[in-house]
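Shown next, in structure tokens, is the structure this report addresses.
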Amino acid sequence: MSERHRTLVMTGATSGIGAHALAHLVARPGIRALVGARPSSTRPSLEGVDTLPLDLSSLNDVRAFASAVLDRLDGKPIDMLILNAGAQFGNTSGRSADGFELTFAVNHLAHYLLARLLLPAVAEGGRILLTTSGTHDPRVIPSAPKRLDVDGWVHATGSATSAYSASKLCNLLTAEGIAALPETTQRRITCIAYNPGLTGGTGLSRAFPGPIRQTIRALRPVFILLSRVRPELYMNTPDHAGEILAQLADGTVTPPAGRVYASLVRGKLAYPAPSQLAQDPAARDELWRRSAELTGLAIHASTG
Ligand SMILES: NC(=O)c1ccc[n+]([C@@H]2O[C@H](COP(=O)([O-])OP(=O)(O)OC[C@H]3O[C@@H](n4cnc5c(N)ncnc54)[C@H](OP(=O)(O)O)[C@@H]3O)[C@@H](O)[C@H]2O)c1
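7 is the number of the first residue of the sequence shown in the working numbering; add one for each residue after it.
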């Protein structure tokens, strides 16, 4: 009997970890992928992959992408929704088309909106993945958020590192928020926040000067040595991090019941507790409410 065709919708598939995850997924039989990418991106030239325009720095673009995806699906469900795109900037002076600080807008707000718009189309038993980072956690980056500060993040003017950490906390809280929705449980949808861990050789550090990027890459063995005392310094390869993302998305691996946060710890998939703030249901609900407001949605996904 031939395997049923499965549909993947993905952001951040044109480079780094996501490009490897996409290649692993479409190498499986029967997977059709719809990928959102900026016009400037290197489009994936893989069989079974269609690319649609998407710039996450504009909420109108996100709405247009979601509606183009739904048109293409023509009533068929999304089996895997991978929200992996992410950016790290050299400063917080950039603003999105909607006037929000760019890191918060691209990494969090756009993905929150996309998840809300596409959730009704996710298949019963389907999977939603958001790529987060260990840098959401003050135990890893001391300047990572210790309290929710949506107003501060929307209009951030301070450190770019803090803005990145905050946006990755938002990815994690959004995954927790999706997992907590009654319709997610009713439709047996698994929602996972994936931390690929420090991964060299991707485009994420493109805001940094070339020599710094090359030095970081060349120091991989040193980082691996240091990871014996600081596990978060273990440096993964984009292919390994992408392969684990693909396995979490297609159900090859499943987190233990009740766990949303999946993390590569010294290269191995584990389910550690995220930061204290990421475990706070009040922070989760407040971010959900404020994000709904900022994207013009109702609070409940079913009425969005
Ligand atoms: N590398 C690490 O150490 C590390 C650690 C923890 C978490 N992460 C997370 O892993 C994910 C993938 O990052 P990566 O390291 O693989 O970096 P990457 O190679 O730079 O990939 C980032 C992806 O996001 C896309 N993207 C960025 N801005 C976009 C926008 N405005 N609109 C549409 N797409 C946009 C990029 O598209 P273009 O091709 O158009 O640039 C690219 O496909 C990110 O969420 C990142 O935060 C990375």
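Just so it is clear, CB atoms sit at the ideal spot from N, CA and C, and this is done for glycine as well.
When you measure from the CB of residue i to every non-hydrogen atom of ligand 1, does any distance come out below 7 Å?
i, result
"I23", "yes"
"V55", "no"
"K174", "yes"
"G216", "no"
"R272", "no"
"V32", "no"
"D256", "no"
"N97", "no"
"A3", "Because the chain in this structure spans residues 7 to 310, residue 3 falls outside the shown range and cannot be described."
"A43", "yes"
"D61", "yes"
"L204", "yes"
"G18", "yes"
"T167", "no"
"P244", "yes"
"G131", "no"
"G209", "yes"
"S46", "yes"
"G92", "yes"
"T137", "yes"
"N201", "yes"
"V112", "yes"
Less than 8 Å separating the beta-carbons of residue i and residue j?
i, j, result
"S269", "G183", "no"
"A172", "P151", "yes"
"L124", "L87", "yes"
"Q94", "A276", "no"
"S63", "A103", "yes"
"G96", "A166", "yes"
"N113", "G92", "yes"
"A43", "L79", "no"
"G356", "E238", "Since the first residue of the chain shown is 7 and the last is 310, residue 356 is not available in this structure."
"S281", "H142", "yes"
"T98", "L60", "no"
"Y240", "G273", "yes"
Just checking my contact of residue i with residue j at CB under 8 Å: how many whole Å lie between their CB atoms?
i, j, result
"T313", "G207", "One cannot answer for residue 313 here, as it falls past the ends of the chain, which runs 7 to 310."
"G132", "P83", "7 Å"
"L136", "N177", "5 Å"
"N90", "I198", "Contact doesn't hold; Cβ gap of about 12 Å is too wide."
"S211", "I222", "7 Å"
"L175", "L283", "7 Å"
"L31", "A255", "7 Å"
"L119", "T260", "Wrong, their Cβ atoms sit about 27 Å apart, outside the cutoff."
For this session: Output the residue ranges of the alpha helix (DSSP H) runs that lie fully inside the stretch 18-55 and measure 4 residues or longer, sorted by chain position.
Result: 22-32
Exercise. Using 8 Å as the Cβ pair cut-off and three pairs as the minimum, do the stretch 209-228 and the stretch 292-301 touch?
Worked result: Cβ pair count under 8 Å is below three, so no.
For this session: Evaluate contact between the stretch 192-202 and the stretch 244-251, counting only Cβ atoms and requiring at least three cross-stretch pairs below 8 Å.
Result: yes
For this session: Could I get the ranges of all uninterrupted alpha helix (DSSP H) runs contained in the stretch 218-288, with 4 residues as the minimum, in chain order?
Result: 226-232, 244-256
For this session: Check whether the stretch 33-43 touches the stretch 12-23, counting contact only when three or more Cβ pairs, one atom from each stretch, lie closer than 8 Å.
Result: The answer is yes - the stretch 12-23 touches the stretch 33-43, with three or more Cβ pairs under 8 Å.
Exercise. Is there contact between the stretch 98-109 and the stretch 41-59, where contact requires at least three CB pairs shorter than 8 Å?
Worked result: no
Problem set entry | Any alpha helix (DSSP H) of 4 or more consecutive residues that is wholly inside the stretch 105-193 | Counting whole runs of 4 or more residues, the stretch 105-193 contains the alpha helix (DSSP H) stretches 116-124, 156-160, 166-185, 188-192.
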